[in-house]
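Just below is one structure, and these are the notes that go with it.
Protein chains: 2
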Amino acid sequence: MRRSNRSVILTSIYRDGPLSRYELGHQTSLSAASVSNLVGELLDEGVVEEAGSVESDGGRPRVLLRVAPTFGYVVGAEVGETRVRVELFDLAMKVLATAVYPIETAKPAPELAVKYVLQGLNAVIGEVGISPGQVLGMGVAVAGVVEGPADAIVHAQTLGWDAVPLGAMLAAGTDIPIQVDNGANTLGQAEMWFGAGRGATDAVVALVGSGVGAALVTGGSSYRGTRSSAGEWGHTTIVYGGRKCRCGAEGCLEAYVGAEGVLERFQLANGGQPAPGGDEEAAFIGVLDSVGTSEVAAKVVEDTIGYLGAGFANLVNLFNPERIVLGGWSGLLLGERYLPQLREAVGKHALRQPYAQVSIELCELGRDAVAMGAATLPVLRLLREGGATPREPGLVARAR
Amino acid sequence: MRRSNRSVILTSIYRDGPLSRYELGHQTSLSAASVSNLVGELLDEGVVEEAGSVESDGGRPRVLLRVAPTFGYVVGAEVGETRVRVELFDLAMKVLATAVYPIETAKPAPELAVKYVLQGLNAVIGEVGISPGQVLGMGVAVAGVVEGPADAIVHAQTLGWDAVPLGAMLAAGTDIPIQVDNGANTLGQAEMWFGAGRGATDAVVALVGSGVGAALVTGGSSYRGTRSSAGEWGHTTIVYGGRKCRCGAEGCLEAYVGAEGVLERFQLANGGQPAPGGDEEAAFIGVLDSVGTSEVAAKVVEDTIGYLGAGFANLVNLFNPERIVLGGWSGLLLGERYLPQLREAVGKHALRQPYAQVSIELCELGRDAVAMGAATLPVLRLLREGGATPREPGLVARAR
DNA sequence: GACCTAAGTTCACGATTTGTAGGAAGTCCG
DNA sequence: CGGACTTCCTACAAATCGTGAACTTAGGTC
């Protein structure tokens with residue numbers, strides 16, 4: 102009731118930049134009196150602060166309001182295959198401190214990841230010198246399926262994790278509230294709030310890297326399905342009976358447009374000769390750069406765009422989104438060079454009607470946005486709850 | 102505010118069968134006092150009525166409440182390629198009258214469809230002898246993309262309609278409120294409320310007939326996308342570079358599992374010899390029945406199940422639904438015979454995690470449920486508005 | 001310095017929800 | 001047959017919350 106309206110106002114102030122009370126009234130269709138009331142409360146609590154004023158032809162100037170960037174802090178962590186990255190942000194999402202821990206082993210034990218995340222949490226808080234009580238929460242992004250927000254059971258093929266209760270494990274080591282989510286979803290969230298997805302309510306953020314995934318955004322919030330494993334776009338069949346995918350099935354999109362799949366296809370077309378380059382990324386760039394000189398490379402890249410276009414078209418036809426945002430490291434490399442061709446390929450496979458309504462863009466935030474997206478999880482909760490639920494400044498991270 | 106609570110209570114009563122005030126309090130998490138208040142209002146207005154009582158061990162018996170079936174009536178219309186079907190229901194969704202008008206021409210003019218729908222509306226109301234003012238509204242299902250609920254611009258390839266403002270055209274001929282929606286969506290709605298989808302909140306109702314489509318249900322209500330053309334599952338690419346589809350693209354699912362596509366594939370595999378049988382349906386049944394004797398038929402059907410399984414798997418991976426319901430005339434014919442094989446085929450293409458969480462079922466309502474689903478549109482509005490918005494008994498259908 | 005415009009605030013009112021207590025409708029047991 | 005008991009439903013007062021109208025504040029203009 103009242104909380105709901107607080108939430109609406111706070112969200113409006115946060116999402117639509119500095120606003121005056123007057124504009125707030127219009128945006129939220131609440132009466133000026135209510136706005137004044139609730140804003141007064143939020144000001145008293147310190148969540149919101151005044152930020153200059155704007156002349157308004159002739160009359161009293163409007164006082165602008167914004168969410169106080171230092172009202173609280175949020176932490177975002179990314180648990181990837183090769184590293185754990187922890188970042189501290191203020192509420193304006195400015196990075197204040199970063200801690201990175203490389204992971205050398207191929208299939209790291211969950212305990213190691215937990216240790217690094219907690220260590221990083223301690224480190225970034227210590228570096229900036231804020232009190233733990235000021236940290237509203239920590240979001241943790243992990244490359245796998247995350248079941249339910251309760252214990253956050255994680256299934257991650259690439260990490261070798263099966264039913265790891267990551268949320269519970271982390272919560273046991275700190276008093277700071279923990280939220281765990283899929284990395285694709287958090288990156289999607291970051292792009293929707295601060296990147297190429299701004300303003301859209303129905304969108305898909307497609308991530309093409311070594312693997313392929315997507316975050317589905319419906320009605321402004323990300324869609325998770327029954328048990329939060331929605332968005333596995335990479336393992337939709339696009340060539341029935343086609344190439345074997347690492348998921349075990351045949352003809353998955355990932356086997357054709359994921360970087361690994363592209364390099365394998367190149368090697369196959371190149372008479373068994375792999376693409377030169379130290380790591381996967383170098384090799385992928387090598388293929389892209391040799392398009393002008395190598396017919397094999399040209400064909401492989403052209404096909405990749407075709408497959409990707411068909412994959413996008415499937416999203417367009419099924420979801421009728423207003424925007425599709427392409428990200429992921431190899432997706433961006435492709436998109437930077439071939440966006441027009443990609444759009445054309447989508448048009449070839451999509452229905453005219455929904456195709457005319459979708460715009461296809463590139464991610465604007467870098468790869469590190471995964472952690473930032475994770476950090477938006479506690480922010481989202483702050484907005485949803487319409488302000489802070491006070492928390493005793495407790496334990497940052499228990500020694501393990 | 103109050104209306105919202107009325108809506109919650111009314112919806113609960115409608116969806117969860119006869120309920121006592123006591124149970125309502127629990128379900129809606131409203132106080133007993135509020136429930137009593139609002140139920141009193143609803144009883145006074147006649148939307149809700151008492152329906153017997155149930156002993157409650159020892160104490161005062163609970164009085165059951167239900168939505169009064171004769172509080173109002175709703176009409177559902179189906180505009181198909183070969184017929185216009187109009188049905189009148191009471192609020193318990195019992196059919197009270199039916200009117201069917203065959204369409205002989207291949208691409209009927211929109212005006213003809215409008216004429217039949219209005220004529221049917223008149224006919225069913227006249228047959229039962231109720232006052233037009235008692236009709237809460239008419240839902241119209243049409244085989245095509247319906248844009249926006251305002252004017253309801255219809256794009257229907259199969260009917261040859263391009264940007265037909267069907268909603269506005271119908272509204273001009275009657276004072277009864279009109280709602281237009283896609284036929285796949287309305288059938289999906291019917292199955293979700295009264296058929297195989299009962300109880301599920303995230304589901305997909307897949308329709309396989311001559312063409313192929315799907316209704317996506319997310320969080321209990323059907324998902325429409327930016328401009329209500331979501332759910333075009335039939336035109337997702339499943340065989341990259343494969344068979345030409347009537348939509349113009351290549352390798353669409355519809356070209357493989359739609360009845361038309363199946364028959365074409367049979368003819369191709371049969372050395373150009375088409376399947377015997379007068380119309381499409383007879384021919385399709387013919388193919389199914391000859392599986393035991395004809396190797397060609399066996400292969401075609403087996404492949405069809407495979408393609409359909411992959412198409413289902415795509416839905417499973419992307420949406421993580423809790424249920425998939427297969428309907429449509431040819432889909433049902435296939436499903437009745439090969440549901441276990443289909444489930445197995447889905448398992449081959451889907452990820453283990455989401456596959457384990459989905460159940461695959463057959464539609465329980467017949468093909469005529471399209472009109473019934475359309476009739477749920479006004480019911481849905483009644484529930485959303487928490488009761489009746491009184492309307493002067495006006496014009497049923499103006500002469501044209 | 002008076003007047004004008006527009007923004008923000010205060011206050012009383014109406015609408016609603018919610019505890020709480022009491023009434024109603026049965027069963028059970030002597 | 002009737003009192004005690006259980007359970008469901010409702011009436012009343014108290015508290016909460018949003019809204020409209022009047023009022024105050026802040027700056028510009030002549």
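Protein chains in written order, with my numbering: chain A, 102 to 501; chain B, 102 to 501.
Ideal Cβ positions, reconstructed from N, Cα and C, are used throughout, including at glycine.
Unbroken alpha helix (DSSP H) stretches of 4 residues or longer found wholly inside the region 118 to 150 of chain A: 122 to 129, 133 to 146, given in chain order. Between T405(B) and chain A, the shortest Cβ-Cβ separation is not below 8 Å. Rounded to the nearest whole angstrom, the C-alpha separation of A200(A) and A350(B) is 49 Å.
Per DSSP, the unbroken alpha helix (DSSP H) holding P211(A) starts and ends at 211 to 229. Per the DSSP secondary-structure output, V176(A) pairs in a beta bridge with L189(A), M239(A). Apart from the 5 residues on each side of it in sequence, N371(B) sits with its Cβ closer than 6 Å to the Cβ of V397 in its chain, given in chain order. DSSP, reduced to helix, strand and coil, places L197(B) within a strand of the structure shown. The shortest CA-to-CA distance from F172(B) to any of T183(B), T259(B), E151(B), G393(B) is the one to E151(B). Between S108(B) and R485(B), the C-beta gap is smaller than 8 Å, which places the two residues in contact. Interface annotation, L288(B): not in contact with chain A, CB-CB separation never under 8 Å. When CB distances to chain A are screened at a threshold of 9 Å, the residues of the region 316 to 342 of chain B falling below it are L317, T319, G320, Y324, R325, G326, T327, R328, S329, S330, A331, G332, E333, W334, G335, H336, T337, T338, I339, V340, Y341, G342, in chain order.
In the assembly as shown, M239(A) is a buried residue. Its beta-carbon has 16 or more other beta-carbons within 10 Å. By the neighbour-count criterion, in which 16 or more other beta carbons inside 10 Å mark a residue as buried, E333(B) falls on the buried side. Contact between E188(B) and V196(B) holds, with the beta-carbon distance rounding to 6 Å and staying under 8 Å. Counting only the Cα atoms, V176(B) lies some 28 Å from G141(B).
Proximity of chain B to A398(A) at the Cβ level (cut-off 8 Å) is not reached, the minimal Cβ distance being about 20 Å. Judged by beta-carbon spacing, T287(B) lies beyond the 8 Å limit of V426(B), meaning their Cβ atoms are not closer than that value. Distance check between N415(B) and each of D263(B), G335(B), L260(B), N223(B) places G335(B) closest, using alpha-carbon atoms only. Legend: CB atoms of the region 243 to 258 of chain B lying less than 7 Å from CB atoms of chain A belong to residues V246, H256.
Cα atoms of G432(A) and A376(B): separation of roughly 46 Å, rounded to the nearest angstrom. Bridge pairing for I425(B): V305(B), I461(B) [DSSP].
Restricting attention to D390(A), C346(A), L166(A), L443(A), the CA atom closest to the CA of I406(A) is found in L443(A).
With contacts defined as CB atoms closer than 8 Å, Y324(A) and L237(A) fail to qualify as a contacting pair. A distance below 7 Å between beta-carbons, with the five flanking residues on each side excluded, links V480(B) to the following residues of its chain, in chain order: V175, L192. Of all residues in the region 432 to 446 of chain B, none is placed with a Cβ closer than 9 Å to any Cβ belonging to chain A.
Taking C-beta separations shorter than 6 Å and ignoring five residues to either side along the sequence, the partners of A291(A) in its chain run L466, A470, M473, G474, following chain order. If you ignore the 5 residues before and after K345(B), its C-beta comes within less than 8 Å of the C-beta of E351, A356, all in its own chain and listed in chain order. In terms of beta-carbon proximity, A350(A) lines the interface with chain B, with at least one pair separated by less than 8 Å.
The Cβ of Y123(A) sits no closer than 8 Å to any Cβ of chain B. Separation of L260(B) and P209(B) (C-alpha to C-alpha, rounded to the nearest whole angstrom) is 7 Å. Residues of chain B with a Cβ closer than 7 Å to the Cβ of E423(A) are, in chain order, T327. Listed in chain order, the positions of the region 452 to 477 of chain B with a beta carbon within less than 7 Å of a beta carbon of chain A are L452, Q454, P455, Q458. As a beta-bridge residue in DSSP terms, A257(B) pairs with W262(B). Here V180(A) is not near V246(A), since their CB atoms are 8 Å or more apart.
Distance from L120(A) to L165(A) at the Cβ level is roughly 7 Å; contact confirmed, criterion being Cβ atoms closer than 8 Å.
Collapsing the DSSP output to three states places L478(B) in a helix.
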